[in-house]
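J.:
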Amino acid sequence: MKASTQVAIIGSGVTGLSTAYSLVEKGCSDVVILEKDYLSAGASTRNGGGVRAQFLTEENIMLAKWSIERFRKLGTELNTNFWFRQGGYLFVAESEEELATLRKAVEFQRKHGLRTRMVDCDEARSIVPEMACEAIVGGCFRKGDGVLFPFPLLLGYAESLRSRGVAIETHCEVKGIAKRSDGFEVTTSRGVLRADKVLNAAGAWSSAVAKMLGVDVPTQPERHQIMVSEPLAPFLDPMIVTLRDGFYMSQGPRGELVGGITEKKPHGKDTRRSSTGFCQQMSARIVSLFPRLAGAKMMRQWAGFYDVSPDANPILDAVPDVEGAYLACGYSGHGFMISPAVGEFMASIMLGDRPAFPREPYKLARFRTGEIRAERMVIG
Amino acid sequence: MGTRKAFVCLCEDVTVEELRRVIGRGFTDIEEIKRITGIGTGPCQGKQCLEILRRLLAEEMSADIKDVPVTTQRPPVFPVHFGQWASSEERGAAQK
Numbered sequence: 001m002k003a004s005t006q007v008a009i010i011g012s013g014v015t016g017l018s019t020a021y022s023l024v025e026k027g028c029s030d031v032v033i034l035e036k037d038y039l040s041a042g043a044s045t046r047n048g049g050g051v052r053a054q055f056l057t058e059e060n061i062m063l064a065k066w067s068i069e070r071f072r073k074l075g076t077e078l079n080t081n082f083w084f085r086q087g088g089y090l091f092v093a094e095s096e097e098e099l100a101t102l103r104k105a106v107e108f109q110r111k112h113g114l115r116t117r118m119v120d121c122d123e124a125r126s127i128v129p130e131m132a133c134e135a136i137v138g139g140c141f142r143k144g145d146g147v148l149f150p151f152p153l154l155l156g157y158a159e160s161l162r163s164r165g166v167a168i169e170t171h172c173e174v175k176g177i178a179k180r181s182d183g184f185e186v187t188t189s190r191g192v193l194r195a196d197k198v199l200n201a202a203g204a205w206s207s208a209v210a211k212m213l214g215v216d217v218p219t220q221p222e223r224h225q226i227m228v229s230e231p232l233a234p235f236l237d238p239m240i241v242t243l244r245d246g247f248y249m250s251q252g253p254r255g256e257l258v259g260g261i262t263e264k265k266p267h268g269k270d271t272r273r274s275s276t277g278f279c280q281q282m283s284a285r286i287v288s289l290f291p292r293l294a295g296a297k298m299m300r301q302w303a304g305f306y307d308v309s310p311d312a313n314p315i316l317d318a319v320p321d322v323e324g325a326y327l328a329c330g331y332s333g334h335g336f337m338i339s340p341a342v343g344e345f346m347a348s349i350m351l352g353d354r355p356a357f358p359r360e361p362y363k364l365a366r367f368r369t370g371e372i373r374a375e376r377m378v379i380g
Numbered sequence: 381m382g383t384r385k386a387f388v389c390l391c392e393d394v395t396v397e398e399l400r401r402v403i404g405r406g407f408t409d410i411e412e413i414k415r416i417t418g419i420g421t422g423p424c425q426g427k428q429c430l431e432i433l434r435r436l437l438a439e440e441m442s443a444d445i446k447d448v449p450v451t452t453q454r455p456p457v458f459p460v461h462f463g464q465w466a467s468s469e470e471r472g473a474a475q476k
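Heads up: the sequence lines are chains F and D, in that order. Under this note's numbering, residues 1 to 380 are what the first sequence spells out, in order. Under this note's numbering, residues 381 to 476 are what the second sequence spells out, in order.
1. Using a Cβ cut-off of 8 Å (strictly closer), state whether residue 425/D contacts chain F.
2. When burial is assigned at 16 or more other CB atoms within 10 Å of the CB, is residue 8/F buried or exposed?
3. Identify every run of the beta strand (DSSP E) within the region 236-265 of chain F, keeping only runs that are complete inside it and at least 3 residues long; order them along the chain.
4. Whose C-alpha, out of 208/F, 52/F and 235/F, is nearest the C-alpha of residue 147/F?
5. Is there a Cβ from chain F that is less than 8 Å from the Cβ of residue 565/D?
6. One question on the structure: do residue 272/F and residue 194/F come within less than 8 Å of each other, judged by their Cβ atoms?
7. Thinking C-beta only, is residue 184/F closer than 8 Å to residue 324/F?
8. Just to confirm, is the Cβ distance from residue 115/F to residue 142/F under 8 Å?
9. Does the beta carbon of residue 301/F come closer than 8 Å to any beta carbon on chain D?
10. Quick test of the definition: if touching needs 3 or more C-beta pairs under 8 Å, does the region 327-343 of chain F touch the region 79-90 of chain F?
11. Just list the beta strand (DSSP E) runs in the region 25-78 of chain F, keeping only unbroken ones of 3 residues or longer that don't cross its boundaries, in chain order.
12. Using a Cβ cut-off of 8 Å (strictly closer), state whether residue 462/D contacts chain F.
13. Any chance you could list the alpha helix (DSSP H) runs of at least 4 consecutive residues sitting entirely within the region 120-206 of chain F, in chain order?
14. If we cut at 8 Å on Cβ distances, does residue 469/D have a partner in chain F?
15. Specify the secondary structure class of residue 223/F as computed by DSSP and reduced to three states.
16. With a threshold of 8 Å between beta-carbons, can residue 121/F be considered close to chain D, or not?
17. Since residue 280/F and residue 431/D are thought to touch, with beta carbons under 8 Å apart, how far apart are those beta carbons, to the nearest angstrom?
18. Report the rounded CA-to-CA distance for residue 437/D versus residue 188/F, giving the unit in angstroms.
19. Along the region 341-367 of chain F, what residues have a CB closer than 9 Å to any CB found in chain D?
20. Using Cβ-Cβ distances below 9 Å, what residues of the region 392-415 of chain D are close to chain F?
21. Tell me whether residue 23/F, by its Cβ, gets closer than 7 Å to a heavy atom of the ligand HEM.
22. Does the count of Cβ pairs from the region 336-345 of chain F and the region 89-104 of chain F closer than 8 Å reach three?
Structure, rendered in structure tokens:
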């Protein structure tokens with residue numbers, strides 16, 4: 001590992017990679033990415049690949065819209081195929097109350113330039129023909145949302161960055177960060193790295209990394225689980241989401257179903273790992289919505305962490321009172337889908353440029369001043 | 381292993397040659413190789429291929445196979461019908 005760098009990024013997840021990519025695009029390629037495990041070992045390689053702009057805060061809609069446009073071009077740019085497919089997101093309501101919530105969401109999103117629309121049962125059934133519609137009273141749909149396959153995008157970023165001089169040091173854990181008069185001294189399991197600027201992009205570990213700089217960040221890791229079915233003939237075009245229990249499921253490019261659900265209670269003895277309780281709850285839901293899937297098999301499940309912030313919105317900021325330190329965390333389950341915009345935003349503020357999005361809503365200080373607008377469309 | 385085009389992972393069509401190429405690109409962590417090639421993520425869940433990958437990794441890196449870690453084992457051991465899982469939840473709830 002080299003001894004000094006302009007920018008040290010802690011975490012090789014999609015935030016770190018996409019920020020490094022934007023830094024290089026803006027002319028700064030003296031970047032070292034430090035990763036304690038294998039490449040993108042946290043939530044970036046564990047998420048369900050959903051990409052949507054259907055949110056309930058302007059902050060998330062802005063980042064998501066920008067990111068979706070980027071995803072459409074990134075594959076060609078990075079010479080990788082991450083199977084971005086805009087089959088839409090169908091949110092389903094099972095009560096009049098849930099339907100009213102979706103109506104409000106649609107109204108809000110249309111005001112912010114999204115063409116989300118309400119659908120009745122018949123149309124929901126025409127979008128997802130296999131769905132059992134007895135319990136469903138309606139839903140909302142936006143065609144521009146979709147799904148992607150996370151790993152090829154991460155690998156595309158990593159290979160492109162390496163070819164342009166960025167070092168990605170995997171199995172290199174950050175043990176401590178000391179502020180010096182002329183930058184930072186980052187102590188790792190493989191030696192000391194001097195850096196002018198540091199970015200904390202450590203995902204579920206970001207509040208722990210922030211502590212190394214003496215900063216309190218109010219985010220917390222929260223386990224979520226996902227499962228994958230055996231490959232099945234294509235039948236599910238959009239991502240389907242139920243409002244009632246945060247159930248989501250899509251069908252990937254190899255025909256496998258990928259999905260999760262909000263756990264009724266944290267299943268299992270070890271709340272960091274996967275559990276059979278999740279498989280049971282998830283399967284019961286799948287069978288109730290798609291009775292024919294009772295005969296299909298679940299192939300694999302795993303667990304990962306959301307980095308949850310108090311208002312379920314990201315924190316994207318310069319660290320107050322620590323000049324040269326930056327923070328990008330707290331995505332609360334939707335980090336991957338907004339990562340191109342986040343990378344662009346962070347690279348801009350780190351280089352002293354004017355970012356494409358307002359800075360105020362993403363600041364850490366919002367939790368002290370009490371001016372928070374919570375995102376309620378959190379699923380999984 | 382002399383047969384370059386021999387299949388190591390039958391579920392995901394991964395050959396010896398492809399694995400060597402990925403290792404040659406510097407990806408020597410078994411978790412990375414799994415994600416890049418898809419090895420071990422098909423219906424057999426790695427029961428046929430991951431030990432061969434470990435041996436190949438040991439060879440390519442001149443290491444002892446004992447020092448090559450296995451990937452995290454993901455449940456279920458064998459694929460299970462959604463219907464079976466779902467009815468096991470009902471039974472569990474009835475017992476309580």
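C-beta atoms are modelled at their ideal positions from N, C-alpha and C, and glycine is treated no differently. Because the structure is a prediction, the values reported are computed rather than measured.
T.: In this structure, then:
1. For the purposes of this step, residue 425/D is identified with residue 45 of the second sequence, where counting begins at 1. Chain F, which has a Cβ nearer than 8 Å to the Cβ of residue 425/D, makes this yes.
2. By 1-based counting over the first sequence, the position of residue 8/F is 8. Its Cβ being crowded by 16 or more others within 10 Å, residue 8/F is buried.
3. Fully enclosed beta strand (DSSP E) runs of no fewer than 3 residues occupy 239-242, 247-251 and 257-260 of the region 236-265 of chain F, in order along the chain.
4. The sequence position of residue 147/F within the first sequence is 147, counting from 1. Closest option to residue 147/F, Cα to Cα, is 52/F.
5. Nothing can be reported for residue 565/D, as the shown portion of chain D is limited to 381 through 476.
6. Position 272 of the first sequence holds residue 272/F. Position 194 of the first sequence holds residue 194/F. Judged by beta-carbon spacing, residue 194/F lies beyond the 8 Å limit of residue 272/F, meaning their Cβ atoms are not closer than that value.
7. Taking the first residue of the first sequence as 1, we reach residue 324/F at position 324. Taking the first residue of the first sequence as 1, we reach residue 184/F at position 184. Result yes, Cβ atoms of residue 324/F and residue 184/F sit closer than 8 Å.
8. Numbered from its first residue, the first sequence carries residue 115/F at position 115. Numbered from its first residue, the first sequence carries residue 142/F at position 142. Yes.
9. Position 301 of the first sequence holds residue 301/F. By the rule that beta-carbons nearer than 8 Å mark a contact, residue 301/F touches chain D.
10. Between the region 327-343 of chain F and the region 79-90 of chain F there are fewer than three C-beta pairs closer than 8 Å, too few to call the two in contact.
11. Listed in chain order, they are 31-34.
12. Residue 462/D sits at position 82 when you count from the first residue of the second sequence. Chain F, which has a Cβ nearer than 8 Å to the Cβ of residue 462/D, makes this yes.
13. As far as the region 120-206 of chain F is concerned, its whole alpha helix (DSSP H) runs of at least 4 residues are 121-127 and 150-163.
14. Here residue 469/D corresponds to residue number 89 of the second sequence, with the count starting at 1. Cβ-Cβ to chain F under 8 Å: yes for residue 469/D.
15. One-based indexing of the first sequence puts residue 223/F at position 223. Three-state DSSP puts residue 223/F in a strand.
16. The residue you call residue 121/F lines up with position 121 of the first sequence. Not one beta carbon of chain D lies nearer than 8 Å to the beta carbon of residue 121/F.
17. By 1-based counting over the first sequence, the position of residue 280/F is 280. By 1-based counting over the second sequence, the position of residue 431/D is 51. Rounded to the nearest angstrom, the Cβ distance from residue 280/F to residue 431/D is 31 Å, too far for a contact under 8 Å.
18. Taking the second sequence and counting its residues from 1, one reaches residue 437/D at position 57. Taking the first sequence and counting its residues from 1, one reaches residue 188/F at position 188. When rounded, the distance between both Cα atoms is 26 Å.
19. Within the region 341-367 of chain F, no residue has a Cβ that lies closer than 9 Å to any Cβ of chain D.
20. With the criterion set as a beta carbon lying under 9 Å from some beta carbon of chain F, the members of the region 392-415 of chain D are 392, 405, 406, 407, 409, 410, 411, 412 and 415, in sequence order.
21. What this structure holds is no ligand at all, so the ligand HEM is not there to describe.
22. Because the criterion of three Cβ pairs below 8 Å is not met, the region 336-345 of chain F and the region 89-104 of chain F do not touch.
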